[in-house]
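Participant:
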Amino acid sequence: MPIPQPIYLDHAATTPLRPEALEAMLPYLGGAFGNPSSAHAPGRAARNAVDEARERLAANLGGAAREVVVTSGGTEANNLAVKGAAWAGKARGNRLVVSAVEHHAVGHSAEHLAKWGFDVAWAPVDAAGRVDPGALDALLDERTVLVAVMLANNEVGTIQPIREIADRVRARRGIHLHVDAVQAAPYLDLDVAALGADTVAISAHKFEGPKGVGALWVRRGTPLLAQLHGGSQERHRRAGTENVAGIVGMAAAYALACAAKPETRARLAELRSRLQAACLAVPGVELTGHPAERLPGLLSLLVRGADGVAASVALDLEGIACSTGSACATGSPEPSHVLTAMGVPDGEALGALRLSLGRTTTAAEVDAAVALVPPVLAAIRDGSAALAADPLGTRIA
Ligand SMILES: Cc1ncc(COP(=O)(O)O)c(C=O)c1O
Numbered sequence: 047m048p049i050p051q052p053i054y055l056d057h058a059a060t061t062p063l064r065p066e067a068l069e070a071m072l073p074y075l076g077g078a079f080g081n082p083s084s085a086h087a088p089g090r091a092a093r094n095a096v097d098e099a100r101e102r103l104a105a106n107l108g109g110a111a112r113e114v115v116v117t118s119g120g121t122e123a124n125n126l127a128v129k130g131a132a133w134a135g136k137a138r139g140n141r142l143v144v145s146a147v148e149h150h151a152v153g154h155s156a157e158h159l160a161k162w163g164f165d166v167a168w169a170p171v172d173a174a175g176r177v178d179p180g181a182l183d184a185l186l187d188e189r190t191v192l193v194a195v196m197l198a199n200n201e202v203g204t205i206q207p208i209r210e211i212a213d214r215v216r217a218r219r220g221i222h223l224h225v226d227a228v229q230a231a232p233y234l235d236l237d238v239a240a241l242g243a244d245t246v247a248i249s250a251h252k253f254e255g256p257k258g259v260g261a262l263w264v265r266r267g268t269p270l271l272a273q274l275h276g277g278s279q280e281r282h283r284r285a286g287t288e289n290v291a292g293i294v295g296m297a298a299a300y301a302l303a304c305a306a307k308p309e310t311r312a313r314l315a316e317l318r319s320r321l322q323a324a325c326l327a328v329p330g331v332e333l334t335g336h337p338a339e340r341l342p343g344l345l346s347l348l349v350r351g352a353d354g355v356a357a358s359v360a361l362d363l364e365g366i367a368c369s370t371g372s373a374c375a376t377g378s379p380e381p382s383h384v385l386t387a388m389g390v391p392d393g394e395a396l397g398a399l400r401l402s403l404g405r406t407t408t409a410a411e412v413d414a415a416v417a418l419v420p421p422v423l424a425a426i427r428d429g430s431a432a433l434a435a436d437p438l439g440t441r442i443a
């Protein structure tokens, strides 16, 4: 079978829309266009579709339908959780404890709140990108109203010990625990009620659903201030006419992702370890993130002394689509805050490269990548070394 070009190894950035999800969405992009808030028959049909999709999504997440707030994606879900919980808790305290490796949707929300009088403490991580529950515990005090720690990191794939963190946060009473599960949801078993969190964010386009739709699971009874005001949709927690097709597609895609998770995990871990072994055989290439507690399809590398952007451009020219560090950071010359928090010096952090496999990645694609990627990494590393030794190129004929 011919290998599709480019070979898409950037599933942590986004995934292709599943045909079954597209099919489920199509009626709501066409004739079934009613507004779920309208009382007439077309409106009721749309309302039924939203209600059924919400029920289905909630059941697969391990929560109740009334606890699911549909948003415009992972970014909005994280903003709603962080800002909504912080403002709801303001009368009790102003301290927020946030892991140093959060996605900017969480980290920048916390920084925004700092401008409004909140005091943000960043929970450190070790060299593998893991938060130490004890170190986080030491940052909690009687003023703390929110703790935010992601389930799995989008740049290095490290999985956090959320259960242990949740036990410590719960023991303090009254502190809201938010978990960004955007990267974890496609691959790890996720039972929101058992996780010990108050809010959990997911995003459909990471599990072969449509872009621009996500959800925040909010434990029943959790105080949360809405961030979008207008109509009474989402039980007053998020105003705006529902993205009917989006929520239907998200629920369909997540149901299929859940049914396949154990098989997907096992297959991706095997494929990833083949690609990993081939890349790490190149001198000067190192693995970043936790060696074992990591997302199954994510391979995060550092090419010593090299420029990750140059590496990803060179791979693009070879027909491999991947990313440097995080897709959201592409175009920014800044070293990744995740690698910096893990203790990687700024100069070296610029050599970050992320190859991320997904459910649709085939063994043939990985075989092709095993042949194509290592020589490019070696050439980039050698080119960088030559450039460092002879910046003006005077010794190159
Ligand atoms: C961990 C994490 N959180 C949040 C987001 C933002 O999600 P969205 O793209 O749906 O806004 C991403 C996207 O890359 C992510 O990886």
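Just add 46 to wherever you are in the sequence shown, counting from 1, and you've got this note's numbering.
From the three backbone atoms N, C-alpha and C, an ideal C-beta is built for every residue, glycine too.
Identify, in the order they occur along the chain, each residue of the same chain with its Cβ nearer than 6 Å to the Cβ of E280, setting aside the five sequence neighbours on each side.
Facilitator: Same-chain partners within the cutoff: V115.
Participant: Which residue comes first and which comes last in the alpha helix (DSSP H) that contains I208?
Facilitator: Note, I208: alpha helix (DSSP H), I208 to R218.
Participant: Taking just the CA atoms, how far does A356 sit from I442?
Facilitator: Low local confidence applies: a pLDDT of 40 at I442 is under 50, so the model's placement there is unreliable, and no value is given.
Participant: Do you know offhand how far S87's Cα is from G120's?
Facilitator: Ser is not the amino acid found at residue 87; the sequence shown has Ala there. Roughly 32 Å between the two C-alpha positions.
Participant: Look at the Cβ atom of V152, then the Cβ atom of D226, and state whether they are nearer than 8 Å.
Facilitator: Yes. Within cutoff.
Participant: Using DSSP with H/G/I as helix, E/B as strand and the rest coil, what is L401?
Facilitator: Looking at L401 - three-state DSSP - the assignment turns out to be strand.
Participant: On the CB-based measure, 16 or more other CB atoms within 10 Å of its CB, does A305 come out buried or exposed?
Facilitator: By the neighbour-count rule (16 or more Cβ atoms within 10 Å), A305 is not buried but exposed.
Participant: By the 10 Å Cβ neighbour count, where 16 or more other Cβ atoms means buried, how is H275 classified, buried or exposed?
Facilitator: The residue in question, H275, is exposed, as its Cβ has fewer than 16 Cβ neighbours within 10 Å.
Participant: Indicate whether the contact test is met: 3 or more Cβ pairs, each with one atom in the stretch 389 to 400 and one in the stretch 142 to 157, closer than 8 Å.
Facilitator: Contact fails: fewer than three Cβ-Cβ distances are below 8 Å.
Participant: Nearest by alpha-carbon distance to R348: which of V202, Y54 and A85 is it?
Facilitator: It should be noted that the sequence gives Leu, not Arg, for residue 348. Of the candidates V202, Y54 and A85, the one whose C-alpha sits nearest the C-alpha of L348 is V202.
Participant: Does at least one heavy atom of ligand 3 sit under 7 Å from the Cβ of Q322?
Facilitator: Ligands displayed in this structure: ligand 1; ligand 3 is not among them.
Participant: Any idea if G135 is buried or exposed, counting beta-carbon neighbours within 10 angstroms, 16 or more meaning buried?
Facilitator: Result: buried.
Participant: Where A338 and Q206 are concerned, what is the direct C-alpha to C-alpha distance, given to the nearest angstrom?
Facilitator: Using only the alpha carbons, I get a separation of about 12 Å.
Participant: Can you find the residues in the same chain that come closer than 7 Å, C-beta to C-beta, to T440, ignoring five residues on each side of it along the sequence?
Facilitator: With a pLDDT of only 49 at T440, under 50, the local geometry of the prediction cannot be trusted, and the value read off the model is given with reservation. None.
Participant: Using DSSP with H/G/I as helix, E/B as strand and the rest coil, what is L142?
Facilitator: Three-state DSSP puts L142 in a strand.
Participant: Starting from E316, follow the beta strand (DSSP E) in both directions and report where the run begins and ends.
Facilitator: Premise fails: E316 lies in the alpha helix (DSSP H), V290 to L326, not in any beta strand (DSSP E).
Participant: At what residue ranges does the stretch 102 to 187 contain a whole run of the beta strand (DSSP E), taking only runs of 3 or more?
Facilitator: Those beta strand (DSSP E) runs which fall completely within the stretch 102 to 187 and span 3+ residues are 114 to 117, 141 to 145 and 165 to 169.
Participant: For ligand 1, is there any heavy atom lying closer than 7 Å to the beta carbon of V273?
Facilitator: Note on identity: in this sequence residue 273 is Gln, with Val being the wrong assignment. No, the beta carbon of Q273 sits no closer than 7 Å to any heavy atom of ligand 1.
Participant: Would W133 be called buried (16 or more neighbouring beta carbons within 10 Å of its own) or exposed?
Facilitator: Per the 10 Å Cβ criterion, buried.
Participant: May I ask you to report which of helix, strand or coil DSSP gives L347?
Facilitator: Reduced to three states, the DSSP call for L347 is strand.
Participant: Let me check one thing: in DSSP terms, what residues is T204 bridge-paired to?
Facilitator: T204 is bridged to R340.
Participant: Heavy atom of ligand 1 less than 7 Å from the Cβ of D56, yes or no?
Facilitator: D56 Cβ: outside cutoff for every heavy atom of ligand 1.
Participant: Flag this pair as touching only if the stretch 400 to 420 and the stretch 54 to 71 have three or more C-beta atom pairs under 8 Å; answer yes or no.
Facilitator: As far as the Cβ criterion goes, the stretch 400 to 420 touches the stretch 54 to 71, which means the pair count is three or higher.
Participant: Going by beta-carbon coordinates alone, are G91 and R100 separated by less than 8 Å?
Facilitator: Checking the sequence, you will find Ala at residue 91 rather than Gly. Not a contact, by the Cβ cut-off of 8 Å.
Participant: Taking the Cβ atom as the reference point for each residue, do V147 and G180 lie within a distance shorter than 8 Å?
Facilitator: No, they are not a contact pair.
Participant: Which term fits G255, buried or exposed, when burial requires 16 or more other beta carbons within 10 angstroms of its beta carbon?
Facilitator: With 16 or more Cβ atoms within 10 Å of its Cβ, G255 is classed as buried.
Participant: Is it right to say E380 is buried, meaning 16 or more other beta carbons lie within 10 angstroms of its own, or is it exposed?
Facilitator: By the 10 Å Cβ count, E380 comes out exposed.
Participant: Compare the C-alpha of A67 against each of I426, G351, L361 and L302 and name the closest.
Facilitator: Selected option, being the one with the closest Cα: L302.
Participant: On the DSSP letters alone, give me the boundaries of the beta strand (DSSP E) that L223 sits inside.
Facilitator: H222 to D226 is the extent of the beta strand (DSSP E) around L223.
Participant: Closest to T61 by CA distance: which of R311, Q229, D428 and V412 is it?
Facilitator: Nearest of R311, Q229, D428 and V412 to T61, Cα basis: Q229.
Participant: Entirely within the stretch 243 to 276 and at least 3 residues each: give me those beta strand (DSSP E) ranges in chain order.
Facilitator: 245 to 249 and 260 to 264, all fully within the stretch 243 to 276.
Participant: Please report the straight-line C-alpha distance between A398 and R93, rounded to a whole angstrom.
Facilitator: Distance between the alpha carbons of A398 and R93: 46 Å.
Participant: Express the C-alpha separation of I221 and T190 in angstroms, rounding to a whole number.
Facilitator: Roughly 6 Å separates the two Cα atoms.
Participant: From which residue to which residue does the alpha helix (DSSP H) around V36 run?
Facilitator: Outside the displayed span of the chain (47 to 443) sits residue 36, for which this structure offers no information.
Participant: Going by the C-beta, is H222 closer than 7 Å to any heavy atom of ligand 1?
Facilitator: Checking the Cβ of H222 against ligand 1 gives no.
Participant: Identify, in the order they occur along the chain, each residue of the same chain with its Cβ nearer than 6 Å to the Cβ of R214, setting aside the five sequence neighbours on each side.
Facilitator: Excluding positions up to five away in sequence, the list reads P179 and D183.
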